[in-house]
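K.L.:
Okay, handing you the structure first.
Chains as they are written, first to last, in our numbering: chain A, 3 to 287; chain B, 2 to 352.
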């Protein structure tokens with residue numbers, strides 16, 4: 003067999019970190035190509051949050067009390083921060099399923115036999131998922147504008163604060179992707195990763211300030227909801243969007259939601275990235 | 002000096018299962034070792050340990066001159082792995098798959114692109130290069146998988162059951178590719194359940210069972226351990242079996258094996274074709290109808306059976322014909338194949 007190419011392995015520039023970045027981008031590119039060839043995945047990923055916006059707005063909107071107001075537009079303005087946060091976290095289930103699928107099909111074996119940076123397969127996957135999540139959030143924002151959502155509905159805001167809100171949302175989504183990745187690496191089939199990746203998200207997103215005012219919960223539940231990392235991002239988003247219904251309790255994350263959201267997300271990334279990469283190294287299909 | 006692939010006392014347990022129970026291997030540079038064994042014998046686990054995918058509990062392995070446990074990343078630079086499942090991304094095109102693998106071998110983008118084009122040409126995938134691998138046939142996917150393993154022309158290759166599940170034509174094609182590859186000086190460790198495959202491709206064969214290498218040698222050496230030729234007769238009528246056994250006893254060098262259901266008699270002989278002619282004449286003279294008769298040299302199946310006491314398992318159930326299994330379809334007479342596998346185990350030896 004010909005061994006014609008003189009191009010043997012070439013050391014990547016920039017040392018181990020440069021190699022890690024480069025390999026992660028190669029894997030991210032692969033996952034983005036994949037996504038573009040499976041548009042139905044993206045479409046289903048969009049339908050669910052859009053459905054939530056429309057259903058919550060028109061079904062619950064009339065009977066929900068936000069502060070002193072029961073008007074439907076106020077509920078939509080309250081709701082959107084929660085829907086955005088839920089959307090970025092629900093996207094993680096697909097992430098875990100994708101990784102489980104790669105393991106199942108032997109692709110992870112292929113990657114692990116290559117002289118590439120250890121964390122790159124997972125980092126590449128999570129970065130690609132982040133791109134997809136950003137697109138989903140963008141489309142969702144447009145739909146929300148159509149049903150009457152407006153930033154600055156309850157005070158002043160500006161473009162910088164709105165962008166910061168989206169930044170925190172995407173950071174939360176990215177952090178949760180690592181939890182999804184760990185689940186994907188831990189289960190044996192893509193199917194299990196999909197359901198296993200979703201079940202824990204329901205309590206996390208519902209025991210929160212996303213859809214209802216935590217003030218009406220029993221005290222112990224309210225306590226959990228207010229310290230829930232998910233709630234911190236929702237609260238921060240509401241503050242930055244200047245949307246109504248901010249939780250007025252004295253819990254620290256509710257008082258300093260932007261910082262709380264940042265700290266929580268960075269902590270989640272630090273912990274779950276470490277666990278996921280360790281799991282990946284010993285992964286056996 | 003140890004070979005390009007060298008393993009000593011590899012042990013790997015999964016819970017209570019001792020998948021590897023002290024595997025020793027040595028593959029001299031530029032040769033092909035066939036790792037032969039049934040499902041669950043430890044072939045894949047051995048490959049996974051040698052390719053850094055799995056850490057053995059104990060033992061030592063050196064691949065391409067590098068200690069596998071101490072410097073796994075350096076080993077990865079020198080090996081290519083082609084797995085049991087065609088590990089390519091089915092949504093990427095053949096070209097994209099190969100470019101990605103090249104880049105992850107730390108080739109620069111341009112070099113990876115050129116190499117991908119070269120491999121696609123070489124593996125007859127140029128026409129399908131820009132179609133997603135999902136649209137490829139099984140044989141094409143295997144070729145793409147193999148090409149991915151060859152991107153950097155690694156000096157040491159591992160192939161885990163490269164032809165499992167392929168039809169005979171695609172299997173032949175892949176064998177041709179593998180033969181070319183090793184003629185270029187690559188060291189290859191190949192696992193297979195197909196005895197014929199090991200016979201065709203490997204210089205040396207290591208028979209694995211229950212996580213151990215139970216025999217190693219060239220195909221001829223292993224066959225010599227099993228003994229010489231045999232005559233196999235399928236008589237037309239069941240009533241003739243007893244008479245036929247008496248006839249064969251006069252020619253045979255050992256016990257005659259009888260499979261009642263298939264009316265197949267097998268006896269070890271010496272004397273080749275001349276003896277076969279005599280057997281035919283004698284059976285004919287006694288009025289025994291013959292459905293099939295053949296002189297058979299021992300196959301690796303026979304070797305495997307005599308070494309392990311059980312038949313090599315083939316992935317394809319249809320190919321199983323009781324104890325006397327051959328991978329070579331041509332050698333199998335239709336009579337040996339009955340639908341009821343259980344009935345076939347009813348084999349007895351008549352003195």
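All C-beta atoms, glycine included, are put in the ideal place defined by N, C-alpha and C.
Any beta carbon from chain B within less than 8 Å of residue 109 (chain A)'s own beta carbon?
P.N.:
On the first chain, residue 109 (chain A) is found 107 positions in, with the first residue counted as 1. Residue 109 (chain A) counts as touching chain B.
K.L.:
Could you check how far apart the C-beta atoms of residue 24 (chain B) and residue 43 (chain B) are, in whole angstroms? I think they sit under 8 Å.
P.N.:
Sequence index remark: in the second chain, residue 24 (chain B) carries index 23 (1-based). Sequence index remark: in the second chain, residue 43 (chain B) carries index 42 (1-based). Yes, residue 24 (chain B) and residue 43 (chain B) are in contact; Cβ-Cβ is about 7 Å, under 8 Å.
K.L.:
Residue 84 (chain B) touches chain A at which residues, Cβ-Cβ below 9 Å?
P.N.:
One-based indexing of the second chain puts residue 84 (chain B) at position 83. Neighbours of residue 84 (chain B) on chain A, chain order: 108, 111, 112 and 115.
K.L.:
Let me know the secondary structure DSSP gives residue 78 (chain B) once reduced to three states.
P.N.:
Here residue 78 (chain B) corresponds to residue number 77 of the second chain, with the count starting at 1. In this structure, residue 78 (chain B) counts as helix in the three-state DSSP scheme.
K.L.:
By alpha-carbon positions, which one of A:277, A:284 and A:239 ends up nearest to residue 81 (chain A)?
P.N.:
The sequence position of residue 81 (chain A) within the first chain is 79, counting from 1. Nearest C-alpha to residue 81 (chain A): A:239.
K.L.:
One question on the structure: do residue 178 (chain A) and residue 125 (chain A) come within less than 8 Å of each other, judged by their Cβ atoms?
P.N.:
Reading the first chain from its first residue, position 176 is the one you call residue 178 (chain A). Reading the first chain from its first residue, position 123 is the one you call residue 125 (chain A). Cβ atoms of residue 178 (chain A) and residue 125 (chain A): not closer than 8 Å.
K.L.:
Between which two residues does the beta strand (DSSP E) containing residue 297 (chain B) stretch?
P.N.:
Here residue 297 (chain B) is taken as the residue at index 296 of the second chain, counted from 1. Counting along the chain, the beta strand (DSSP E) containing residue 297 (chain B) begins and ends at 291 to 297.
K.L.:
Would residue 34 (chain B) and residue 225 (chain B) qualify as a contact pair, given that the criterion is a beta-carbon distance under 8 Å?
P.N.:
As a working mapping, residue 34 (chain B) is identified with position 33 in the second chain. As a working mapping, residue 225 (chain B) is identified with position 224 in the second chain. Result no, Cβ atoms of residue 34 (chain B) and residue 225 (chain B) do not sit closer than 8 Å.
K.L.:
Please state whether the Cβ-Cβ distance between residue 22 (chain A) and residue 136 (chain A) is less than 8 Å.
P.N.:
Taking the first residue of the first chain as position 1, residue 22 (chain A) is located at position 20. Taking the first residue of the first chain as position 1, residue 136 (chain A) is located at position 134. Cβ distance not < 8 Å, so residue 22 (chain A) and residue 136 (chain A) don't count as in contact.
K.L.:
Quick check on residue 100 (chain B): buried or exposed, where buried means 16 or more other Cβ atoms within 10 Å of its Cβ?
P.N.:
By 1-based counting over the second chain, the position of residue 100 (chain B) is 99. Result: buried.
K.L.:
If residue 155 (chain B) and residue 83 (chain B) are in contact, beta carbons under 8 Å, what's the gap, nearest whole angstrom?
P.N.:
Taking the first residue of the second chain as 1, we reach residue 155 (chain B) at position 154. Taking the first residue of the second chain as 1, we reach residue 83 (chain B) at position 82. About 11 Å separates the two Cβ atoms, so there is no contact after all.
K.L.:
When you measure from the CB of residue 223 (chain B) to every non-hydrogen atom of the ligand SAM, does any distance come out below 7 Å?
P.N.:
Ligands displayed in this structure: none; no statement on the ligand SAM is therefore possible.
K.L.:
Distance, Cα to Cα, residue 227 (chain B) vs residue 35 (chain A)?
P.N.:
On the second chain, residue 227 (chain B) is found 226 positions in, with the first residue counted as 1. On the first chain, residue 35 (chain A) is found 33 positions in, with the first residue counted as 1. The straight-line gap from Cα to Cα measures roughly 55 Å.
K.L.:
Considering residue 15 (chain B), what are the terminal residues of the alpha helix (DSSP H) in which it resides?
P.N.:
Taking the second chain and counting its residues from 1, the one referred to as residue 15 (chain B) is at position 14. Residue 15 (chain B) -> not in any alpha helix (DSSP H); beta strand (DSSP E) instead, spanning 6 to 15.
K.L.:
Please report the distance separating the alpha-carbon of residue 259 (chain B) from that of residue 172 (chain B).
P.N.:
Working through the second chain from its first residue, we reach residue 259 (chain B) at position 258. Working through the second chain from its first residue, we reach residue 172 (chain B) at position 171. Each residue's alpha carbon lies about 33 Å from the other.
K.L.:
In angstroms, rounded to a whole number, what distance separates the CA positions of residue 197 (chain B) and residue 301 (chain B)?
P.N.:
On the second chain, residue 197 (chain B) is found 196 positions in, with the first residue counted as 1. On the second chain, residue 301 (chain B) is found 300 positions in, with the first residue counted as 1. The straight-line gap from Cα to Cα measures roughly 7 Å.
K.L.:
Could you spell out the range, first to last residue, of the alpha helix (DSSP H) harbouring residue 264 (chain B)?
P.N.:
The residue labelled residue 264 (chain B) in the question sits at position 263 within the second chain. Counting along the chain, residue 264 (chain B) falls outside any alpha helix (DSSP H), and DSSP gives it neither H nor E.
K.L.:
Let's test the definition: count the other Cβ atoms within 10 Å of the Cβ of residue 162 (chain B) and tell me whether it reaches 16, buried, or not, exposed.
P.N.:
On the second chain, residue 162 (chain B) is found 161 positions in, with the first residue counted as 1. Its Cβ being crowded by 16 or more others within 10 Å, residue 162 (chain B) is buried.
K.L.:
From which residue to which residue does the beta strand (DSSP E) around residue 160 (chain B) run?
P.N.:
As a first step, residue 160 (chain B) must be located in the second chain, where it is residue number 159. Note, residue 160 (chain B): beta strand (DSSP E), 157 to 161.
K.L.:
Going by DSSP, name the residue or residues bridged to residue 17 (chain A).
P.N.:
Sequence index remark: in the first chain, residue 17 (chain A) carries index 15 (1-based). BP columns for residue 17 (chain A) are empty, so no partner.
K.L.:
Buried or exposed: which applies to residue 111 (chain B), given that a residue is buried once 16 or more other Cβ atoms fall within 10 Å of its Cβ?
P.N.:
Sequence index remark: in the second chain, residue 111 (chain B) carries index 110 (1-based). When all chains shown are included, residue 111 (chain B) counts as exposed.
K.L.:
At a CB distance below 8 Å, what residues from the stretch 96 to 110 of chain B approach chain A? Give them in sequence order.
P.N.:
Within the stretch 96 to 110 of chain B, the residues whose Cβ lies closer than 8 Å to some Cβ of chain A are 97, 101, 102, 104, 105, 106, 107, 108 and 109, listed in chain order.
K.L.:
Please list, in chain order, the residues of the stretch 23 to 47 of chain A that have any C-beta partner in chain B closer than 7 Å.
P.N.:
Of all residues in the stretch 23 to 47 of chain A, 25, 28, 32, 35, 36, 39 and 40 have a Cβ within less than 7 Å of some Cβ in chain B.
K.L.:
Within 10 Å of its beta-carbon, does residue 57 (chain B) have 16 or more other beta-carbons around it, so buried, or fewer, so exposed?
P.N.:
The count along the second chain starts at 1 and reaches residue 57 (chain B) at position 56. Looking at its Cβ environment, which holds 16 or more other Cβ atoms inside 10 Å, residue 57 (chain B) is buried.
K.L.:
Quick one: which residues of the stretch 47 to 76 of chain B get their C-beta closer than 7 Å to a C-beta of chain A? List them in chain order.
P.N.:
Those residues of the stretch 47 to 76 of chain B that come within reach of chain A (Cβ to Cβ, closer than 7 Å) are 52, 53, 54, 55 and 74.
K.L.:
Quick one: using the 10 Å Cβ neighbour count with 16 as the cut-off for buried, is residue 115 (chain A) buried or exposed?
P.N.:
The residue given as residue 115 (chain A) occupies position 113 in the first chain. Buried, since its Cβ has 16 or more Cβ neighbours within 10 Å.
K.L.:
If you drop the 5 nearest sequence neighbours on each side, which residues of the same chain put their C-beta closer than 7 Å to that of residue 129 (chain B)?
P.N.:
Taking the first residue of the second chain as 1, we reach residue 129 (chain B) at position 128. For residue 129 (chain B), where only same-chain residues beyond five positions count, the Cβ hits under 7 Å are 95, 137 and 141.
K.L.:
Could you give the residue range of the alpha helix (DSSP H) that holds residue 272 (chain A)?
P.N.:
On the first chain, position 270 is the one that residue 272 (chain A) refers to. Its alpha helix (DSSP H) spans residues 259 to 283.
K.L.:
Alpha carbons only, please: which of A:51, A:73, A:278 and A:156 is nearest the one belonging to residue 188 (chain A)?
P.N.:
Numbered from its first residue, the first chain carries residue 188 (chain A) at position 186. Nearest of A:51, A:73, A:278 and A:156 to residue 188 (chain A), Cα basis: A:278.
K.L.:
For residue 233 (chain B), which three-state DSSP category applies?
P.N.:
Position 232 of the second chain, counted from the start, is the residue given in the question as residue 233 (chain B). Note: residue 233 (chain B) maps to strand in three-state DSSP.
K.L.:
Any idea if residue 25 (chain A) is buried or exposed, counting beta-carbon neighbours within 10 angstroms, 16 or more meaning buried?
P.N.:
Residue 25 (chain A) sits at position 23 when you count from the first residue of the first chain. The residue in question, residue 25 (chain A), is buried, as its Cβ has 16 or more Cβ neighbours within 10 Å.
K.L.:
Give the straight-line distance between the Cα atoms of residue 271 (chain B) and residue 254 (chain B), rounded to the nearest whole angstrom.
P.N.:
Counting from one through the second chain, the residue named residue 271 (chain B) turns up at place 270. Counting from one through the second chain, the residue named residue 254 (chain B) turns up at place 253. Roughly 7 Å separates the two Cα atoms.
K.L.:
In or out: residue 322 (chain B) buried (at least 16 other Cβ within 10 Å) or exposed?
P.N.:
One-based indexing of the second chain puts residue 322 (chain B) at position 321. Note that residue 322 (chain B) scores 35 on pLDDT, short of 50, meaning its location in the model is unreliable; the coordinates nonetheless yield the value given after this. Result: buried.
K.L.:
How many Å lie between residue 279 (chain B) and residue 234 (chain B) at the Cα?
P.N.:
Here residue 279 (chain B) corresponds to residue number 278 of the second chain, with the count starting at 1. Here residue 234 (chain B) corresponds to residue number 233 of the second chain, with the count starting at 1. C-alpha separation (whole angstroms): 13 Å.
K.L.:
For residue 309 (chain B), tell me which candidate among B:216, B:7, B:247 and B:98 has the shortest Cα-Cα distance.
P.N.:
Residue mapping note: residue 309 (chain B) aligns to position 308 of the second chain, counting from 1. Ranking B:216, B:7, B:247 and B:98 by Cα distance to residue 309 (chain B) puts B:216 first.
K.L.:
Would residue 129 (chain B) count as contacting chain A if we go by Cβ distances under 8 Å?
P.N.:
Position 128 of the second chain, counted from the first residue, corresponds to residue 129 (chain B). Not an interface residue.
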